[in-house]
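Reviewing the structure listed below.
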Amino acid sequence: MKVLVATEKPFAPVAVEGIRKEVEADGHELVLLEKYTDKQQLLDAVADADALIVRSDKVTAEVLDAAKQLKIVVRAGAGYDNIDCETAKAKGVIAENTPGQNANAVAELVFGMLVFAVRNFFTGKAGTELLGKKLGILAFGNVGRNVARIAKGFGMDVYAYDAFCPADVIEAAGVHAVANQEALFDTCDVVSLHIPATAETKQSINKSLVGRMKKGGILVNTARKEVINEPELLELMAEREDIKFVTDIMPDANEEFLKLAGRYFSTPKKMGAQTAEANINAGIAAAKQINAYFKDGCTKYQVNL
965 MKVLVATEKP FAPVAVEGIR KEVEADGHEL VLLEKYTDKQ QLLDAVADAD
1015 ALIVRSDKVT AEVLDAAKQL KIVVRAGAGY DNIDCETAKA KGVIAENTPG
1065 QNANAVAELV FGMLVFAVRN FFTGKAGTEL LGKKLGILAF GNVGRNVARI
1115 AKGFGMDVYA YDAFCPADVI EAAGVHAVAN QEALFDTCDV VSLHIPATAE
1165 TKQSINKSLV GRMKKGGILV NTARKEVINE PELLELMAER EDIKFVTDIM
1215 PDANEEFLKL AGRYFSTPKK MGAQTAEANI NAGIAAAKQI NAYFKDGCTK
1265 YQVNL
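Just so you know, we're using this note's numbering here: the sequence shown kicks off at 965 and counts up by one.
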């Protein structure tokens, strides 16, 4: 079987070698398409691929149409909205992600940005400490659990809400479970977002929700840009000069947010999974999942059911 690794932003060399070792150990061929600059390069490369590994690369209907032999595509990372899962399903292509492999990297970034924010973006102006502050985690998955673990090290009081995670599971992790997301925003000094971009969550982080935060509230987004209602958040921050917003996904309205001097920060490019460890873990996990699928039909991490 031919396994194509198509990455506009390549894996680290050590990750590529790990992927190659896994793929070739099971008798498959590995082909690399790195730093491609034109969509046609991807369309040509995928034409005879049996499996595809991507990072943030777009696996659109056009790409899937070109991939006549494709049986499985794996997104090396947790989010998979860069894959047209509906079209993949219609074509009989298994779509998978690699949950948990980037979780610690993203969680550590949350606190890198959070310390930056509470210390007034290192301007020299006195800030505050995280010790004793209430942190709210919206979605208690792999990343959320790692955020909770790190927060306890800072001495924070941790709360969480997840519509799909039972309260007793959250409580068993030493985290306060709240009844709904409104209660999370009512209660916490900081809210960290870890929700996927779905029909239910897109634009859901809006003025009325964020406006429930107490004075000095900080919103942290390392999830997806689409969950933020940007016009409403801008409106709220214009009205409430105490609110801060830090994000790992540059908003469409970045120029407008930049006008909120001292209360906003965005990484220039998404940095959540950009560690050597996460890069290696996710890539090798993707290769192992492809091997498992070809070996015995394992689809444990399928997302287009």
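Where a beta carbon is used, it is the ideal one built from N, C-alpha and C, also for glycine.
* Find out if the Cβ-Cβ distance for the pair A1081, V1107 is shorter than 8 angstroms. => no
* To do: Pull up the CB-CB distance for K1078 and V1057, whole angstroms please, since I reckon it's below 8 angstroms.
  => It is worth fixing the name first, because residue 1078 is Leu in this sequence and not Lys. That belief does not hold up - the Cβ atoms of L1078 and V1057 are roughly 39 angstroms apart, past 8 angstroms.
* To do: In the DSSP assignment, find the alpha helix (DSSP H) that holds L1197 and state where it starts and stops.
  => E1194 to E1203 is the extent of the alpha helix (DSSP H) around L1197.
* In chain order, what residues of the same chain have a beta carbon less than 6 angstroms from the beta carbon of T1165, not counting five sequence neighbours either side? -> I1159 and V1191.
* Asked: Would you call the CB atoms of E1196 and N1218 closer than 8 angstroms?
  -> Contact flag unset, no.
* To do: Return helix, strand or coil for L1078, following the three-state DSSP convention.
  => Three-state DSSP puts L1078 in a helix.
* Bounding residues of the alpha helix (DSSP H) (the contiguous stretch that carries I1207) -> Here I1207 belongs to no alpha helix (DSSP H), and DSSP marks it neither H nor E.
* Asked: What first and last residue would you give for the alpha helix (DSSP H) that runs through E988?
  -> P977 to A989
* Could you work out which residue in A1040, G1096 and Y1125 is closest to R1109 when comparing CA atoms only? => Answer by Cα proximity: Y1125.
* Cβ pair count under 8 angstroms reaching 3, the segment 1038 to 1050 against the segment 1232 to 1247 -> yes
* To do: Report the residue from E972, K973 and L996 whose alpha carbon sits nearest the alpha carbon of E981.
  => L996
* Asked: Can the beta-carbon of A1237 be found less than 8 angstroms from the beta-carbon of N1061?
  -> no
* Asked: Is it buried or exposed for T971, if we count other Cβ within 10 angstroms and need 16 for buried?
  -> buried
* To do: Go through its chain and collect everything with a Cβ distance to L1148's Cβ below 7 angstroms, but skip five positions before and after it.
  => G1100, L1102, Y1123, Y1125, V1142 and V1155.
* Start-to-end residues for the alpha helix (DSSP H) that takes in F1229 -> In this chain, F1229 is not harboured by any alpha helix (DSSP H); it is covered by the beta strand (DSSP E) spanning Y1228 to S1230.
* With respect to the alpha helix (DSSP H) encompassing G1247, which residues constitute its N-terminal and C-terminal limits? -> According to the DSSP assignment, G1247 belongs to the alpha helix (DSSP H) that extends over A1240 to D1260.
* Asked: So K1259 and D990 are in contact, right, with Cβ under 8 angstroms, and what is the actual spacing, rounded?
  -> 7 angstroms
* **Same chain only: Cβ atoms within 8 angstroms of V1010, ignoring 5 sequence neighbours per side** => L968, A970, L1016, V1027, A1030, A1031 and L1034
* Between which two residues does the alpha helix (DSSP H) harbouring I1114 extend? -> Counting along the chain, the alpha helix (DSSP H) containing I1114 begins and ends at N1106 to G1117.
* Could you check which residue in T1087, G1088, A1115 and K1055 has the C-alpha nearest to that of N1068? => A1115
* To do: Output the distance between the C-alpha atoms of M1201 and M1235, rounded to the nearest integer angstrom.
  => 24 angstroms
* Tell me whether Q1033 sits in a helix, a strand or coil according to DSSP, three-state version. => coil
* Does the beta-carbon of S1172 have 16 or more other beta-carbons within 10 angstroms, so that it is buried, or is it exposed? -> exposed
* Asked: DSSP three-state call for E1060: helix, strand or coil?
  -> strand
* **Residue of D1012, T1092, L1006 and A1013 minimising C-alpha distance to K1022** => L1006
* Asked: Going straight from the alpha carbon of D1008 to that of K1189, what length do you get?
  -> 30 angstroms
* Thinking C-beta only, is E993 closer than 8 angstroms to P974? -> no
* In whole angstroms, what is the alpha-carbon distance linking K1089 and K1208? -> 15 angstroms
* Asked: Exposed or buried, T1162, counting other C-beta atoms within 10 Å across all chains shown (16 or more means buried)?
  -> exposed
* To do: Check each candidate in M1120, L1222, R1227 and K1252 and name the one with the smallest Cα separation from I983.
  => K1252
* Three-state secondary structure (DSSP) of T1263 -> coil
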